[in-house]
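The working numbering numbers the first residue of the sequence shown as 419 and each following residue consecutively.
Please read the structure below before turning to the comments.
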Amino acid sequence: MSKPLEPYARASLAATAEIGVSDRYQQIKFRVFDLTLEYLEQQGVQGEAIPRAVLQDEIARAISVVLMSRGLALNLKERAQLIEDVQNEIVGFGPLEPLLNDPGVDDIIVNGPNSIYVERGGELEPVLARFRDTTHLMNVIQRIVSPIGRRVDEGSPYVDGRLPDGSRVNVIIPPVALDGPIVSIRKFKRTPLTGEDLVRTQSLSEEMLQFLSEAVRGKRNILICGGTGSGKTTLLNVLSSYIGAKERLVTIEDAAELQLQQSHVVRLETRPASLDGASEVSSRDLLRNVLRMRPDRIILGEVRSSEAIEMLQAMGTGHDGSMATIHANGPRDALERLEMLIGLHGFSSDLQAVRRFIASAVDIVVHVQRQTGGGRRVGSVSEITGLEGPAYSMRQLFTTEEGAKGRRIV
Numbered sequence: 419m420s421k422p423l424e425p426y427a428r429a430s431l432a433a434t435a436e437i438g439v440s441d442r443y444q445q446i447k448f449r450v451f452d453l454t455l456e457y458l459e460q461q462g463v464q465g466e467a468i469p470r471a472v473l474q475d476e477i478a479r480a481i482s483v484v485l486m487s488r489g490l491a492l493n494l495k496e497r498a499q500l501i502e503d504v505q506n507e508i509v510g511f512g513p514l515e516p517l518l519n520d521p522g523v524d525d526i527i528v529n530g531p532n533s534i535y536v537e538r539g540g541e542l543e544p545v546l547a548r549f550r551d552t553t554h555l556m557n558v559i560q561r562i563v564s565p566i567g568r569r570v571d572e573g574s575p576y577v578d579g580r581l582p583d584g585s586r587v588n589v590i591i592p593p594v595a596l597d598g599p600i601v602s603i604r605k606f607k608r609t610p611l612t613g614e615d616l617v618r619t620q621s622l623s624e625e626m627l628q629f630l631s632e633a634v635r636g637k638r639n640i641l642i643c644g645g646t647g648s649g650k651t652t653l654l655n656v657l658s659s660y661i662g663a664k665e666r667l668v669t670i671e672d673a674a675e676l677q678l679q680q681s682h683v684v685r686l687e688t689r690p691a692s693l694d695g696a697s698e699v700s701s702r703d704l705l706r707n708v709l710r711m712r713p714d715r716i717i718l719g720e721v722r723s724s725e726a727i728e729m730l731q732a733m734g735t736g737h738d739g740s741m742a743t744i745h746a747n748g749p750r751d752a753l754e755r756l757e758m759l760i761g762l763h764g765f766s767s768d769l770q771a772v773r774r775f776i777a778s779a780v781d782i783v784v785h786v787q788r789q790t791g792g793g794r795r796v797g798s799v800s801e802i803t804g805l806e807g808p809a810y811s812m813r814q815l816f817t818t819e820e821g822a823k824g825r826r827i828v
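In structure tokens:
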């Protein structure tokens, strides 16, 4: 093997931005793509077994052979981009790889092989990168889910998972998805956001942050509610940074994405059922085991089912300072959703007893919102003080008006 082709490596990043959206380039790429991979296989090139720079050199040689045999011509930038694309196909996630490496992209949405969108600065925009066909897209999907022991096929057409860097992935395929496989990726931030970052972006005020950080240190049980993509997990991650370094923390998530900075952290992840319905490990199963693991605090990525009962029991019986998120449109809606989940999963008691159970466990409810234009903010912070007759006694400590910083109202 000869010396790696340095000019191609240096040009690849610029080429990704300038050439990756060219229809002409895409057409040429798909014509030579399979031939290049076939040539590399004939030469015995195993991408994961050789250094990245050497792999680039082998790919460049293969591309030169294929282009010459087909009478096609590419300029330096186009060749650099093709080298990068083939390399991503061998040791990465194909057309998704440049988007995953782009720090300006927060979300990636694939609507079938020919439609890819990204979110930048809170707004969705299309990109012209695409997959060759549905088979190509399915190959990349299997590359995502297989290493983490998940599966997706006609018998199990949807799955949650994560990439090696922690990015959260949801996949749903035909026959449930009518227009082809759908992939949604919430990218993992390599550098966790801090409370100061949220204040700087006006996601919450300094006074809000001070109160919430003191509530965490004071071991108040906190429930974070909001809609999809509103920033619940981001805020949960930020608040967890104020937990003491000597405490034993246990996290439970469907797809592990929390970035806790403490040294004594146990991370648990649920597991979906197999095709025959066996082998499932639910959040409720994990919570029952966690209570035997001497945790100081429990952090539940999302309350969505029967685990609500165990979570509230833990909050009310010695695991002060625990935190969780829930999908809801406001503080009272969050408490009503807890009531519903408890009622659906075997907590046999009257409504008033259920409300006493919830009010004794949850101290603070934080509502986060996604604003017009894509920004996220803390909409309100409320304290649960008990019950007044049949209703919750709730005191709103902070609220945020549209376009304004948080203000204390008590």
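Backbone N, C-alpha and C fix where the C-beta goes; we use that ideal spot for every residue, glycine too.
On a predicted model such as this, the values are computed, not experimentally measured, just so you know.
Count the other CB atoms, across all protein chains shown, that sit within 10 Å of the CB of Glu-502; report buried if there are 16 or more and exposed otherwise. If you number the sequence shown from 1, residue 502 lands on position 84. With 16 or more other Cβ atoms within 10 Å, it is buried.
So, for Met-556: in the same chain, excluding its five sequence neighbours on each side, which residues have a beta-carbon less than 8 Å away from its beta-carbon? Along the sequence shown, one-based indexing puts residue 556 at 138. Closer than 8 Å at Cβ, skipping near neighbours: Ile-591 and Pro-599.
Burial state of His-737 (16 or more Cβ within 10 Å): As a working mapping, residue 737 is identified with position 319 in the sequence shown. Flag for His-737 reads buried.
Looking at Val-589: is its Cβ nearer than 8 Å to the Cβ of Val-570? Within the sequence shown, residue 589 is the residue found at index 171, counting from 1. Within the sequence shown, residue 570 is the residue found at index 152, counting from 1. It is a contact, given that the beta carbons lie within the stated cut-off.
Please return the same chain residues whose Cβ sits closer than 8 Å to the Cβ of Asp-672, not counting the five positions on each side in sequence. By one-based count along the sequence shown, residue 672 stands at place 254. If we look at Asp-672 and ignore the five residues flanking it on each side, its Cβ neighbours are Asp-578, Glu-687, Thr-688, Ser-701, Gly-719 and Glu-720.
Given Ile-481 as reference, the closest of Thr-454, Asn-747 and Gly-489 once Cα atoms are compared: Your numbering for residue 481 matches position 63 in the sequence shown. Comparing Cα-Cα distances from Ile-481 to each of Thr-454, Asn-747 and Gly-489, the minimum goes to Thr-454.
Beta bridge counterpart(s) of His-745 as assigned by DSSP: Position 327 of the sequence shown, counted from the start, is the residue given in the question as residue 745. In the DSSP output, where bridge partners are listed per residue, His-745 has Gly-644.
Completely contained beta strand (DSSP E) runs for the stretch 706 to 754, where each covers 3 or more residues: 715 to 718 and 741 to 745
Count the other CB atoms within 10 Å of the CB of Gln-628; is the residue buried (16 or more) or exposed (fewer)? As a working note, residue 628 is residue 210 in the sequence shown. That one is exposed.
Give a yes or no on contact between the stretch 538 to 550 and the stretch 780 to 794, applying the rule of three or more CB pairs nearer than 8 Å. yes
For the alpha helix (DSSP H) containing Thr-669, name the first residue and the last one. To locate residue 669, count along the sequence shown from 1; it is residue 251. Careful: Thr-669 lies outside any alpha helix (DSSP H), inside the beta strand (DSSP E) at 667 to 671.
Got a sec: is the Cβ-Cβ distance from Val-450 to anything in chain D below 8 Å? Absent from the structure: chain D. Only one protein chain is present.
With 16 as the cutoff for other CB atoms within 10 Å, does Tyr-457 come out buried or exposed? Here residue 457 refers to the residue found at position 39 when the sequence shown is read from its first residue. Tyr-457 should be labelled buried.
Could you work out which residue in Arg-586, Asn-506 and Ser-648 is closest to Gln-474 when comparing CA atoms only? By one-based count along the sequence shown, residue 474 stands at place 56. Measuring from the Cα of Gln-474, the nearest candidate turns out to be Asn-506.
Can you check which of these residues, Glu-801, Ile-717 and Leu-815, is closest to Val-780 by C-alpha distance? Within the sequence shown, numbered from 1, the residue matching residue 780 stands at position 362. Answer by Cα proximity: Glu-801.
Between Lys-495 and the ligand GDP, is there a pair consisting of the residue's CB and a ligand heavy atom that are separated by less than 7 Å? Summarising the ligand content, the structure contains no ligands, and the ligand GDP is consequently not present.
On the three-state DSSP scale, how would you describe Arg-685? For the purposes of this step, residue 685 is taken as the residue at position 267 of the sequence shown. Looking at Arg-685 - three-state DSSP - the assignment turns out to be strand.
With 16 other Cβ atoms within 10 Å as the buried cut-off, status of Ser-811: Counting from 1 along the sequence shown, the entry for residue 811 is found at position 393. Ser-811 comes out exposed.
Using DSSP with H/G/I as helix, E/B as strand and the rest coil, what is Ser-778? Position 360 of the sequence shown, counting from 1, holds the residue named residue 778. Of the three classes helix, strand and coil, the one that applies to Ser-778 here is helix, per DSSP.
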